[in-house]
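Some notes on the structure that comes next.
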Amino acid sequence: MNAIGFPVLSTLIFFPLLGALFIAFIPAERPKTIAQVAFGVALVDFLLSLVVVFNFDPTKATFQFVESRPWITMFDMPVITYKLGVDGISLWLIPLTTLLTAVGILFSWGSITQRVKEYYILMLVLCTAMLGVFTALDVFLFYIFWEAVLIPMYFLIGIWGGERRLYATIKFVLYTMAGSALMLAAIIYLALGMMDQTRGLTFDLLAWYQVFIPPRVQLLAFLAFALAFAIKVPLFPFHTWLPDAHVEAPTAGSVILAGVLLKMGTYGFLRLAMPLFPVAVKEVAPVIAGLAIVGILYGAAVAFAQRDIKSLIAYSSVSHLGFVMLGLFALNAEGMSGGILQMVNHGLSTGALFLLVGMIYDRRHTRLMKDYGGLWRVMPVYAALFLVVALASLGLPGLNGFVGEFLILLGAFQANPWWAVFATFGVVLAAVYMLWLFGNVFFGPITNPENEQLPDLNRREVLVLVPLVALIVLIGVAPNLFLAPMQPSVEALVDHVTRAAMAMR
Amino acid sequence: MTTEALLWTTLLLPLAGVVLNIAVGRSLSRRAVGWLASGAVGAAFLVGLVAVGRLLALPAEERVYLTPPLYTWAVAGGFEVPVQLLFDQLSALMVLVVTGVGFLIHVYSIGYMAGEPADYDFRRYFVYLNLFIFSMLLLVLGANFVLLYVGWELVGLCSYLLISFWYTDPQNAAAGRKAFVVNRVGDFAFALGIFLIWSVFGSVVYQDVFEAAHSVAPAVLTAITLLLFVGCTGKSAQLPLYVWLPDAMAGPTPVSALIHAATMVTAGVYLIARASPLFDAATTTSAVVAWVGVLTALFAATIALVQVDIKRMLAYSTISQLGYMFLGVGVGAYTAAIFHLLTHAFFKALLFLGAGSVMHAMEHGAHHTGEHVNPQDMRLMGGLWSRARWTGMTFLVGAAALAGLPLTSGFFSKDEILAGAFLSGRTLLYGVGALTALLTAFYSFRQFFLVFAGEPRSEAARHAEESPPVMLVPLGVLAVLALGAGLVLGWPPEQGLIHGWLEPAFEVAPKAEGAANPLTLLLVSSVIALAGAGLAYLAYVQRTIDVVALSARFQPLYRLLWNKYYVDELYGLLFVRPFFALARFLADVVDKLVIDGAVNGVATVTAGVHALARRLQTGYVRAYALSMVLGALLVLAYLTYLAQ
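Chains as they are written, first to last, in our numbering: chain B, 40 to 544; chain H, 41 to 684.
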């Protein structure tokens, strides 16, 4: 079952939780120790995620490092199993989660001064919940982790957020919960409906994969799942919670929100909606692709109109996640590989962008573009790093964003050339709003005397950004390192969807 | 070293320059920084020469070398991109132009940028410049469309960074952004072209695609090539996407010489020459290319007639000359087009560096007198011949080559393009091209006379000073090339060295029966060039033609040209302002009021219902549990009902 000899996934998931418990016993008067311990825990967890990456067999399409224990049994039958596993689709989301948690915590050293203890506990709990989502192979377990993510994020925004934090966090939680409520109903309905074929009530995802669900049920269940996932992604027009949450969240919260939480939505499509309801997926794909394309163009245009840097980046996420969704629903290996890679890419580049904005916010306490200008001269290191990240975000070849977008568009072109025509125009708009942002902040004369004396990045801040920038370049130059391990799983999924849909004809 | 190693070395040397100057440049003197960057490019040139020697040792038809893949960039589904280089007659020539001219311009820059106040900016400049050379080499050496595209966008990045190099002026920043965005519009089509290539051929590797070109329907090839060509109109500044290039003159002048004249902007010509098997088979596209080219040539030349900014005039001239190259590839005269690309690289780099030297001289003069003058305004110049003799002499060579005066390099290459148009049987193309040649000769000498002849028209010009040797030596080298390259490489017509080198790389275009003798055309070209130069002499030196009176007489036409046909204003009205307005509307109305309004509306209604429902909140857990079960059952019942 396990190549390493110990339950690596459980360790990975629950180590941050243990760390949080440990921090609970450190007196609150020692905020420095707390922050250091939290970072240490996150760092160890990141290293653990690397153990997963380096022991992953890239030639297999099946789940690896699988752990399975009955959790709730009924009549000696395991109903809910504690089942974990990783395949090529979830592989890169795991180190992405641990890395962004670690850099988020390291960043927070400089900006979180209130209720330090609670803050780091919540960050670590959040990490556990997110890792659970990406590794759970039992639908019920998945749902638990899925909802558990909301709790720490609710507090992170609500306590350490900006002025409108309460509005933002309640909107975020209610909106996403409204979506998941329907999904829960659908999950229970499906489990009951499958009982004949699964020989007893079970939520084991791998058992569900074996069941053929009648097309009419597929469509309804798909819609219930899709709503939950689409809100999380967010797919146009379910996106309006995002700018509010992003703008109000503390920096590390934005990083995790954009970098990881949004990926839970796209991952949900990949892990649940697509394999379980292939017929429905095939049927609905044009609609979703259409919404994705609208999101790409709409998100880009609205991003351009923003005056607040954070909300510009938030809307750029709507555009970028539109690309991801388009790639997934191209339903071919090129588009899907691109989409999955782009999930990671977006996590890195948008995560880095939010960190960069946080750094300047900590200095000037404003996020409005008009308060800046000419910063290149006073903060050259900051400017150079910002430039690389901005270029990655606008899809410059040689950096990571290009690879994902190119494959997505290539895949979309196979599915329907017109999708690619409209979506590719989003690449033009990305250049418009990103260079607009960059120019407004770094070019021009310094108009505000307060900006004259800004200190450039300190060593810790550089350390926060370096791993992200290094990965941005590495994925851009040698994307195959990242694409190759996901190929077997992607091809299996594409195959599964195509064959199920063909069988219906 | 193996040929393979030579090629990778050539490509990676400039990148090493980038890395070194970022890593240790801070602790180096300016001289060291500049020479490190220049040395990297110079070394790349030498290594490239050795590699060309390897090609020369092979028989003419076998001069194609494909490196084994260094690694596989990406594999996804059936899509695969190997990282490998293609070295043939075409890319070999491009490598030598890019690194050769690039080296001279690096050296010149050491002098030109010496006045930069901050060491950091001096270093930043050379980092960009080296990065550009690397990207351009990747563009011309890459053995598939994706690598070409990577280089293609990276040179665009360098262009953006260098145009807005002096970023504290918002105008420069805007010019850089305009260049990048307009290029992206072209790249949008280019990318679609690559997607189409892949879905038709199942590969993006040149060899696979070109070998299968004959078996593909002409309509598909037309679509592919048209998409690629739209990309070219962006990068190579052709109608209708040329608008970024005049503004790009905001960058330092050596950059204008290297990127916006000699190398990057010719990438589109290279692309079509590289993909000639596709374009040859798509006759519709070839006709479009030829017409867009010749009309751009004419259009830009008419604007150049009235420019008073020394660099902007050269920018329009570049657009016009690129138009000639597209005319060449459009009529199948690939060798002629690449020949002109080569000579243009020499004489236009020379003219830009000369203009830089003139500006340098004017700035010195202005510094001396304490005047605030625009050093690029030709109306304030005049009489510089005696103040900056070397600059003047080399500039004269450049102007003569641009004008196509007999025996200069531009004379041979431009004539061959016109001959190609004529011999293809499309005399109208030839006619427009010849008319443009007349205008070219006129504006070229108009510029020379305005700058160097007559009396100084400002105090700054009176006190102008010649530039230092580090700038003059590259001018001299380029002047020799601009003067002699045509005769050495292009004589006798159709049978010179350049033809022997390049022709095996292309399929030769069919020639019309009973066509005129090329020598006759050469004679016509000579007369045209001399006539244009003569008219400029009469107008700006002898003053027997009163240009002021002429412009007053044809006031509407003059205003149209002076305002560059109002194209920028038109694009502003058609695209830029509507986009601004649309974005505002979407953000403020659609997003805030409609979409988010609906979401909040649902929330408000729910809250209202909650107020009623609050009476149900008894605080008894068992009551809640009951209602939850009831609720879930209701949903289940509903789903069951729907599913049946």
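Glycine included, every Cβ here is placed at the ideal spot set by N, Cα and C.
Sequence-distant partners of isoleucine 485(B) (beyond 5 residues in either direction) whose C-beta falls short of 8 Å from its own C-beta, in its chain, are Gly412, Gly413, Leu414, Arg416, Val417 and Glu491. Alanine 324(B) sits in a helix when the DSSP states are folded into three classes. Taking 8 Å as the CB threshold, tyrosine 160(H) lines the interface with chain B. For the 8 Å CB-CB criterion, valine 104(H) and aspartate 128(H) form a contact. Checking the DSSP bridge columns, you'll see phenylalanine 127(H) partnered with Tyr105(H).
Non-local C-beta neighbours of phenylalanine 481(B) in its own chain, meaning closer than 6 Å and more than five positions away in sequence, comprise Leu414, Trp415 and Ala422, ordered along the chain. No Cβ of chain B is located within less than 8 Å of the beta carbon of aspartate 287(H).
At the C-beta level, leucine 561(H) and aspartate 417(H) stay beyond 8 Å of one another. By the neighbour-count criterion, in which a residue is buried when 16 or more other Cβ atoms sit within 10 angstroms of its Cβ, leucine 670(H) is exposed.
Checking the DSSP bridge columns, you'll see tyrosine 121(B) partnered with Arg108(B). Its chain contains Pro446 as the residues whose beta carbon lies nearer than 6 Å to that of serine 566(H), once the 5 sequence neighbours on both sides are disregarded; these appear in chain order. Considering only Thr215(B), Val320(B), Ala224(B) and Gly377(B), the residue with the shortest C-alpha distance to proline 254(B) is Val320(B). By the Cβ neighbour-count rule, leucine 673(H) is exposed, with fewer than 16 other Cβ atoms within 10 Å of its own. Under a 10 Å Cβ-count criterion, tyrosine 678(H) is classified as exposed, with fewer than 16 other Cβ atoms of the shown protein chains found around its own Cβ. Under a criterion of Cβ atoms nearer than 8 Å, the residues of chain B adjacent to alanine 623(H) are, in order, Ala340, Val341, Phe343 and Ala344. Within the region 371-388 of chain B, the residues whose Cβ lies closer than 7 Å to some Cβ of chain H are Asn371, Ala372, Glu373, Ser376 and Gly377, listed in chain order.
Per DSSP, reduced to three states, the secondary structure at aspartate 177(B) is strand. Within 10 angstroms of the beta-carbon of alanine 525(H) lie 16 or more other beta-carbons, which makes it buried.
Under the 8 Å criterion on CB atoms, alanine 523(B) is classed as interfacial with respect to chain H.
Nearest to serine 69(H) by C-alpha distance, out of Val260(H), Arg466(H), Ala504(H) and Ala154(H), is Ala154(H). Under the three-pair Cβ rule at 8 Å, the region 73-80 of chain B counts as touching the region 146-165 of chain B. Leu430, Leu435, Pro436 and Gly437: these are the residues of the region 421-437 of chain B whose beta carbon lies less than 8 Å from some beta carbon of chain H, given in chain order. Threonine 273(H) and lysine 122(B) have their C-alpha atoms spaced approximately 56 Å apart. With contacts defined by Cβ atoms closer than 8 Å, leucine 392(B) and valine 428(B) form a contacting pair.
Restricting attention to Phe85(B), Val90(B) and Val164(B), the CA atom closest to the CA of leucine 138(B) is found in Phe85(B). When secondary structure is reduced to three states using DSSP, phenylalanine 166(H) falls in the helix class.
Within chain H, Tyr207 and Thr208 have C-beta atoms less than 9 Å from the C-beta of tryptophan 415(B), given in sequence order. Its chain contains Gly127, Ile128, Leu130, Trp131, Ser376, Ile379 and Leu380 as the residues whose beta carbon lies nearer than 8 Å to that of methionine 525(B), once the 5 sequence neighbours on both sides are disregarded; these appear in chain order.
DSSP places glutamate 505(H) in the coil class of the three-state scheme, outside both helix and strand. Looking from the CA of methionine 402(H), the closest CA among Glu543(H), Ala389(H) and Met421(H) belongs to Met421(H). Counting only residues of its own chain and dropping the five nearest sequence neighbours on each side, glycine 171(B) has a CB closer than 6 Å to the CB of Ile52 and Phe184. Those residues of the region 219-245 of chain H placed with their C-beta closer than 7 Å to a C-beta in chain B are Phe220, Val221, Arg224, Val225, Phe228, Ala231, Leu232, Phe235, Trp238 and Ser239, ordered along the chain. What phenylalanine 316(B) touches in chain H, judged by beta-carbon distance under 9 Å, is nothing: the nearest beta carbon there is about 13 Å away. CA-to-CA, the gap between aspartate 628(H) and phenylalanine 173(B) works out to about 36 Å. In this structure, valine 188(B) lies away from isoleucine 133(B), with their beta-carbon atoms at least 8 Å apart. Using a CB distance below 9 Å, the part of the region 250-282 of chain B facing chain H consists of Pro253, Arg255, Val256, Leu259, Ala260, Ala263, Phe275, Pro276, Phe277, His278, Thr279, Trp280 and Pro282, ordered along the chain.
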